[in-house]
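*Asks:* To start, I am sharing the structure in question, which I have written as structure tokens.
2 protein chains.
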Amino acid sequence: MSPPTPRKRRGSGRATIHDVARLAGVGSITVSRYLKKNGYVSAELGARIDAAVAQLNYVPNLVAGGLASSRGKIVGMVIPNISGPIFASTIQSFSDTLNRHGYQVLLASSYFSAEQEENAVRTFLGWSPAALVVTGRFHTKGTEALLAGAGIPVVETWDYHPRRKPIQVGYSNAEVGAQSARYLLDKGYRRIAYVLNSVAGDLSALDRRDGYAAVLRERGIKPWTYTPTELAPFDAGRQALEALTRGRRKADAIVFANDNLAAGALLASQRAGMRVPQQCALMGFGDYAFSPLLLPSLTTIRPPGREIGELAARRILQALGELEPDQRNGRLNLLDCELLARESA
Amino acid sequence: MSPPTPRKRRGSGRATIHDVARLAGVGSITVSRYLKKNGYVSAELGARIDAAVAQLNYVPNLVAGGLASSRGKIVGMVIPNISGPIFASTIQSFSDTLNRHGYQVLLASSYFSAEQEENAVRTFLGWSPAALVVTGRFHTKGTEALLAGAGIPVVETWDYHPRRKPIQVGYSNAEVGAQSARYLLDKGYRRIAYVLNSVAGDLSALDRRDGYAAVLRERGIKPWTYTPTELAPFDAGRQALEALTRGRRKADAIVFANDNLAAGALLASQRAGMRVPQQCALMGFGDYAFSPLLLPSLTTIRPPGREIGELAARRILQALGELEPDQRNGRLNLLDCELLARESA
DNA sequence: TTGTAAGCGTTATCAA
DNA sequence: TTGATAACGCTTACAA
Numbered sequence: 001m002s003p004p005t006p007r008k009r010r011g012s013g014r015a016t017i018h019d020v021a022r023l024a025g026v027g028s029i030t031v032s033r034y035l036k037k038n039g040y041v042s043a044e045l046g047a048r049i050d051a052a053v054a055q056l057n058y059v060p061n062l063v064a065g066g067l068a069s070s071r072g073k074i075v076g077m078v079i080p081n082i083s084g085p086i087f088a089s090t091i092q093s094f095s096d097t098l099n100r101h102g103y104q105v106l107l108a109s110s111y112f113s114a115e116q117e118e119n120a121v122r123t124f125l126g127w128s129p130a131a132l133v134v135t136g137r138f139h140t141k142g143t144e145a146l147l148a149g150a151g152i153p154v155v156e157t158w159d160y161h162p163r164r165k166p167i168q169v170g171y172s173n174a175e176v177g178a179q180s181a182r183y184l185l186d187k188g189y190r191r192i193a194y195v196l197n198s199v200a201g202d203l204s205a206l207d208r209r210d211g212y213a214a215v216l217r218e219r220g221i222k223p224w225t226y227t228p229t230e231l232a233p234f235d236a237g238r239q240a241l242e243a244l245t246r247g248r249r250k251a252d253a254i255v256f257a258n259d260n261l262a263a264g265a266l267l268a269s270q271r272a273g274m275r276v277p278q279q280c281a282l283m284g285f286g287d288y289a290f291s292p293l294l295l296p297s298l299t300t301i302r303p304p305g306r307e308i309g310e311l312a313a314r315r316i317l318q319a320l321g322e323l324e325p326d327q328r329n330g331r332l333n334l335l336d337c338e339l340l341a342r343e344s345a
Numbered sequence: 001m002s003p004p005t006p007r008k009r010r011g012s013g014r015a016t017i018h019d020v021a022r023l024a025g026v027g028s029i030t031v032s033r034y035l036k037k038n039g040y041v042s043a044e045l046g047a048r049i050d051a052a053v054a055q056l057n058y059v060p061n062l063v064a065g066g067l068a069s070s071r072g073k074i075v076g077m078v079i080p081n082i083s084g085p086i087f088a089s090t091i092q093s094f095s096d097t098l099n100r101h102g103y104q105v106l107l108a109s110s111y112f113s114a115e116q117e118e119n120a121v122r123t124f125l126g127w128s129p130a131a132l133v134v135t136g137r138f139h140t141k142g143t144e145a146l147l148a149g150a151g152i153p154v155v156e157t158w159d160y161h162p163r164r165k166p167i168q169v170g171y172s173n174a175e176v177g178a179q180s181a182r183y184l185l186d187k188g189y190r191r192i193a194y195v196l197n198s199v200a201g202d203l204s205a206l207d208r209r210d211g212y213a214a215v216l217r218e219r220g221i222k223p224w225t226y227t228p229t230e231l232a233p234f235d236a237g238r239q240a241l242e243a244l245t246r247g248r249r250k251a252d253a254i255v256f257a258n259d260n261l262a263a264g265a266l267l268a269s270q271r272a273g274m275r276v277p278q279q280c281a282l283m284g285f286g287d288y289a290f291s292p293l294l295l296p297s298l299t300t301i302r303p304p305g306r307e308i309g310e311l312a313a314r315r316i317l318q319a320l321g322e323l324e325p326d327q328r329n330g331r332l333n334l335l336d337c338e339l340l341a342r343e344s345a
């Protein structure tokens, strides 16, 4: 009857579930039940509750809900970096998919540092998240312990490796390296070098190199790895190109650990008047935004960034019972990378 | 004496502040005070608490803390999209700066839709965030009401406009348009066209066009706007180039609403054998990753994305009392864009 | 400097 | 189908 007059000493000042209940003339637990659509609320009360919610412009307090249920609708994601060309699409699709089911994403960057990752995981745990996502399979002991003890779904993204326990959603870096090597061998190249990057902590490039090396050895060719000393990727790419094409032994094809390095080499080759791919074929990894725009356009391999984010989100929602499990089973979490044959190789 | 045996009926199973207090032999409020370093805890008790925290591997429950203080250490950020070339660096620097002060960032994408923005803001409010960040100054009435009623610091990013009340951190799109026009006029170009993009909802391009048009009118030149019908930006750029250089009236310089459009035009010009900038100068906006790599490299204007994120975070921390206000005052939130004079104009 | 009591706004549990 | 009561784990207010 009387208008709701909260007049709290503390509190946010916003309408609470009790205000709604009072206005609708029902118990607050009924409002709670109705709003999360768990059934068992009559249509009549439902309508009264709807009206009260609208009148008070009620927004449920998710913090209180999370505390009461010890299961907040939050998912933490630790990713090496947000602004690089690589992970943004994963974050985007991950966040969009979870948002659609009422979950929010907390984000933190590790910058390829296992210690920063551990800090982020520790902080996230304080929000009692419903699930956690990390990148790759290399973590500190502390992170492993935190993840194991959290009792929530944990997904490792990007790097798919056999024989690991946690849910993994990603692709095989070794297979990517093998793909590059097979492609170049099939095109007739034989003096194929591999250029690592200089980002400390990006261990996936080593996996790719190993995949490349294995294929070469299978065909009786000795692998050839070059590690630039320049730190800036464009400079490192140029340095690698010079080192691998000016010596006595000349590469006829070069696989770079990523498209930044390859772009550096491509630009250097233009300046030096070198014909690509005739004198030396160049190949990258990542399919960055500029790669199709270079002249010659860069042959590269596209990692399934968007697909990883979406599938990781789906796996989490399934583990939380918010989504039906997929029909077919098997290695569904191992995604393929697409080789984009363009002009440079 | 006896080891802590929680044995709770509900709860997360993790150690609580009470477990720490019991183990350290102090009251739980003392633990709370000590952990947030508000002083008033003796060194001796502090040491005992530290030991207990370490022994139990205690992680404070931020959900409970947020509920009790009705002031969670969370900041919500609504941004048009994460994976585009534009906003990623803002998200990165924003998140990093806040993380450093113990705040976590909740992220949502609006895809330039004011309705989606409102939904995101409504959901964020449920987490009783410490502050909220939105992009631009165009919101629904509902969003305005939610933001005004939230009673927390709100920052509008990217678009700085005179005479708005909320904290704004950004640059002037009108000034960007004016910058482009002045640069081209100073280089001697006179038949300068402006090409809009076709992304519905990106109203900032219109502001840039207005700035360009104002400068041209000042010099007695009639502005010339072209709006492509193609949706894909590269196609739209090509279409604009053709329309503006093939007719009877030929542009000698074209300003594009963004680098994607400009890149489409640049590639089309190469294919058509047109000399850039001699026959027609091309200019973009955004300084995307590929822009310095194009041939000719793209003259463009770099928006201060990283700076916006960091400054927005600083303004929020200052509003929350976590950081000292800056010494100097004035229009400190209006950032400059850098014109990168490269080869295409 | 430390402690006690009372919330914060929701949901789990149990009873009706 | 609905409701009363007691958590959830922390912090504010107040007292000592």
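These protein sequences, in sequence, are chains A and B. Residue 12 in full-length UniProt numbering sits at position 12 of the first sequence, and the numbers go up by one each step. Residue 169 in full-length UniProt numbering sits at position 169 of the second sequence, and the numbers go up by one each step. Positions of the beta carbon are idealized from the N, C-alpha and C atoms, including for glycine.
1. Which partner residues does Ser109(B) have in the DSSP bridge list?
2. So, Ala120(B) versus Ser128(B), is the Cβ gap smaller than 8 Å?
3. Among Ala51(B), Tyr189(B), Ala145(B) and Gln55(B), which residue has its Cα nearest to the Cα of Met283(B)?
4. Could you name the residues of the UniProt domain "HTH lacI-type" (15–69) of chain A whose beta carbon sits closer than 7 Å to any beta carbon of chain B, in the order they occur along the chain?
5. For a minimum of 4 consecutive residues, which ranges assigned as the alpha helix (DSSP H) are wholly contained in the segment 160–214 of chain B?
6. Please go through the same chain and pick out, in chain order, the residues whose beta-carbon is closer than 8 Å to the beta-carbon of Leu320(A), but skip the five residues on each side of it.
7. Below 8 Å, can you find three or more Cβ-Cβ pairs linking the segment 190–198 of chain A to the segment 238–250 of chain A?
8. So Val255(A) packs on Gly211(A), CB below 8 Å; how close in whole Å?
9. Look at Tyr171(A) and Cys337(A) and say whether their C-beta atoms are less than 8 Å apart.
10. Please report the straight-line C-alpha distance between Asp202(B) and Arg122(B), rounded to a whole angstrom.
11. Shortest alpha-carbon distance to Glu343(A) belongs to which of Pro85(A), Ala205(A) and Leu295(A)?
12. For Asp96(B) and chain A, any beta-carbon pair shorter than 8 Å?
13. Taking only runs that begin and end inside the segment 120–149 of chain A, name each unbroken beta strand (DSSP E) of 3 or more residues, in chain order.
14. Quick check: what's the CA-CA separation for Glu310(B) versus Leu107(A)?
15. Look up Leu282(B) in the DSSP assignment and say whether it is helix, strand or coil.
16. Does DSSP put Gln104(A) in a helix, a strand or coil?
17. Tell me where the alpha helix (DSSP H) around residue 389(B) begins and ends.
18. So, does the segment 134–143 of chain A touch the segment 74–84 of chain A, judging by three or more C-beta pairs under 8 Å?
19. Using a Cβ cut-off of 8 Å, pull out every chain B residue sitting near Pro85(A), in sequence order please.
20. Could you check if Asn99(A) is buried or exposed, using at least 16 other CB atoms within 10 Å of its CB as the buried criterion?
21. Distance, Cα to Cα, Ala251(B) vs Ala257(B)?
22. Identify, in the order they occur along the chain, each residue of the same chain with its Cβ nearer than 6 Å to the Cβ of Pro166(B), setting aside the five sequence neighbours on each side.
23. May I have the straight-line CA-CA distance separating Ala345(A) from Arg271(B), to the nearest angstrom?
24. I'd like the list of long-range same chain contacts for Thr97(A), defined as Cβ closer than 6 Å, with 5 residues on each side in sequence excluded.
25. Please state whether DSSP places Val155(B) in a helix, a strand or coil.
26. Which whole-angstrom value is the C-beta distance of Thr300(A) and Leu340(A), which I expect to be below 8 Å?
27. Just list the alpha helix (DSSP H) runs in the segment 229–259 of chain B, keeping only unbroken ones of 4 residues or longer that don't cross its boundaries, in chain order.
28. So, is the C-beta of Trp224(A) closer than 8 Å to a C-beta in chain B?
29. Could you check what DSSP says for Met1(A) in three-state terms: helix, strand or coil?
30. Keeping to the same chain, check which residues put their C-beta closer than 8 Å to that of Leu147(B); ignore five residues upstream and five downstream.
31. Would the beta-carbon of Ser95(B) fall within 8 Å of that of Val105(B)?
32. Drop a sphere of 10 angstroms on the beta-carbon of Leu332(B), count the other beta-carbons inside from all chains shown, and report buried for 16 or more, exposed for fewer.
33. Does any C-beta atom of chain B lie closer than 8 Å to the C-beta of Trp127(A)?
34. Report the residue from Ala268(A), Thr229(A), Glu44(A) and Leu298(A) whose alpha carbon sits nearest the alpha carbon of Thr245(A).
35. Report the rounded CA-to-CA distance for Val215(B) versus Gly264(A), giving the unit in angstroms.
*Replies:* Quick look at the numbers:
1. Ile79(B)
2. no
3. Tyr189(B)
4. Val59, Pro60, Asn61, Leu62, Val63, Ala64, Gly66 and Leu67
5. 173–186
6. Ala130, Ala131 and Pro153
7. yes
8. Not a contact, Cβ separation roughly 10 Å.
9. yes
10. 22 Å
11. Leu295(A)
12. yes
13. 131–135
14. 16 Å
15. strand
16. strand
17. Shown here, chain B extends from 1 to 345; a query on residue 389(B) therefore has no answer.
18. yes
19. Ala289
20. buried
21. 16 Å
22. Val154 and Glu156
23. 21 Å
24. Glu310 and Ala313
25. strand
26. 6 Å
27. 233–246
28. no
29. Because Met1(A) sits at a pLDDT of 33, beneath the cut-off of 50, its placement in the model cannot be relied upon, and the following sentence gives the value as read from the coordinates. Note: Met1(A) maps to coil in three-state DSSP.
30. Val121, Leu132, Val134, His139, Val154 and Pro166
31. yes
32. exposed
33. yes
34. Ala268(A)
35. 38 Å
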